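Our numbering puts the first residue of the sequence shown at 20, with every later residue one more than the last.
Each remark here refers to the structure printed beneath this line.
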Amino acid sequence: MLQLDNVHTAYGSIKALKGVSLHVDQGEIVTVVGANGAGKSTMLRTITGLMRPTEGSITFEGERIDGKPSERIATLGIAMSPEGRRLFPDMSVYENLLMGAYTQRDKTALAQSLDRCYNLFPILKERETQTASTLSGGEQQMAAIARALMSQPRLLLLDEPSLGLAPILVRQVFRLIQEINSQGTTILLVEQNSNMALRIAGRGYVLENGHVVMEDSAAALLKSDVVRASYLGE
Ligand code: ATP
Numbered sequence: 020m021l022q023l024d025n026v027h028t029a030y031g032s033i034k035a036l037k038g039v040s041l042h043v044d045q046g047e048i049v050t051v052v053g054a055n056g057a058g059k060s061t062m063l064r065t066i067t068g069l070m071r072p073t074e075g076s077i078t079f080e081g082e083r084i085d086g087k088p089s090e091r092i093a094t095l096g097i098a099m100s101p102e103g104r105r106l107f108p109d110m111s112v113y114e115n116l117l118m119g120a121y122t123q124r125d126k127t128a129l130a131q132s133l134d135r136c137y138n139l140f141p142i143l144k145e146r147e148t149q150t151a152s153t154l155s156g157g158e159q160q161m162a163a164i165a166r167a168l169m170s171q172p173r174l175l176l177l178d179e180p181s182l183g184l185a186p187i188l189v190r191q192v193f194r195l196i197q198e199i200n201s202q203g204t205t206i207l208l209v210e211q212n213s214n215m216a217l218r219i220a221g222r223g224y225v226l227e228n229g230h231v232v233m234e235d236s237a238a239a240l241l242k243s244d245v246v247r248a249s250y251l252g253e
């Protein structure tokens, strides 16, 4: 479904991705784990067209998408819930969700997307008219994921959904990610919380300093000495 081949991305002279290759197949949850600054967010920003790779290619469902504008990539069926949630703080929850479906002109499809989000995250229905800035951290994370789902993406990119959440909320958010996946959305999950991410993913990649240094089934990565020592705090 998604294929990155030898992708390089830089901020001026700072090389953030140095030849990343990975793939995500339809129906999978794939996770990319790695420490602060490994290049995880840059990778997602490159997939969504917010940054252009200086080298390499990105293909989505057989179509080259690197270098395409992000609006075009969104309409092909890729949506992202960014790190730090980036909600519109003064807009209501409902308005934030609508922003996720700004390309959707069909009212029936829009209503279906809203229904799906409110079914997945009933708390957002209760908070519908509240401004986003008044939501708790967990609710904001749910709103950010829901906003990304509003465009009915086939591939959902999640950047650190567990960041700043209490453990009980982390478990809840990860359960919801599994639920979204079981409803047919493919997921690429970027996380520093490697333990939880590898527990819900089928496969995983370890990113270090702009390079993929390991790739395997999530179960094998969870058992690997290197991952346990470097990323699971054992
Ligand atoms: P984090 O979890 O802290 O976001 P990350 O794995 O997502 O880490 P990136 O944010 O992708 O890492 O950063 C990769 C590298 O690119 C780092 O060396 C970082 O300092 C650098 N970088 C990120 N954003 C910028 C920017 N706007 N300008 C310059 N360098 C940047």
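By construction, the Cβ of each residue, glycine as well, lies at the ideal position given by its N, Cα and C atoms.
Only a predicted model underlies this, so the values are computations on that prediction, with no experimental measurement involved.
- Relative to ligand 1, the beta carbon of leucine 226 is positioned inside 8 Å of a heavy atom.
- For ligand 1, the residues with a Cβ under 5 Å from any of its heavy atoms are, in chain order, Tyr30, Ile33, Ala35, Asn55, Gly56, Ala57, Gly58, Lys59, Ser60 and Thr61.
- Annotation for asparagine 25: the continuous beta strand (DSSP E) segment containing it runs 21-30.
- Residue pairing from DSSP places alanine 98 in a beta bridge opposite Leu175.
- Here tyrosine 137 is not bridged, per DSSP, to any residue.
- Put simply, the region 124-138 touches the region 161-177. At least three CB pairs are less than 8 Å apart.
- Looking only at Glu102, Val209 and Leu143, the smallest Cα-Cα distance to valine 43 is reached by Val209.
- For threonine 150, the beta-bridge partners assigned by DSSP are Ser111.
- By the criterion of at least three beta-carbon pairs nearer than 8 Å, the region 137-144 is not in contact with the region 86-98.
- Taking a 10 Å sphere around the C-beta of valine 112, we find 16 or more other C-beta atoms and assign the residue as buried.
- Under DSSP, aspartate 85 takes part in no beta bridge, so it has no partner.
- The three-state secondary structure of glutamate 90, taken from DSSP, is helix.
- Cβ contact annotation for leucine 207 (same chain, cutoff 6 Å, sequence separation greater than five): Val43, Val49 and Leu176, in chain order.
- In the three-state DSSP reduction, leucine 207 falls in the strand class (E or B).
- When the alpha-carbon of serine 213 is set against those of Gln191, His230, Ser181 and Asn200, the nearest one is in Ser181.
- For methionine 62, there is no enclosing beta strand (DSSP E); the residue is found in the alpha helix (DSSP H) stretching over 59-66.
- For methionine 233, the enclosing beta strand (DSSP E) starts and ends at 230-236.
- Taken through DSSP and simplified to helix, strand or coil, glycine 103 comes out as coil.
- In this chain, the beta strand (DSSP E) harbouring arginine 222 covers 222-227.
- For the 9 Å CB-CB criterion, proline 108 and threonine 150 form a contact.
- Distances from the CA of isoleucine 142 to each of Val39, Gln202, Pro186 and Leu195 were compared; the closest alpha carbon is that of Leu195.
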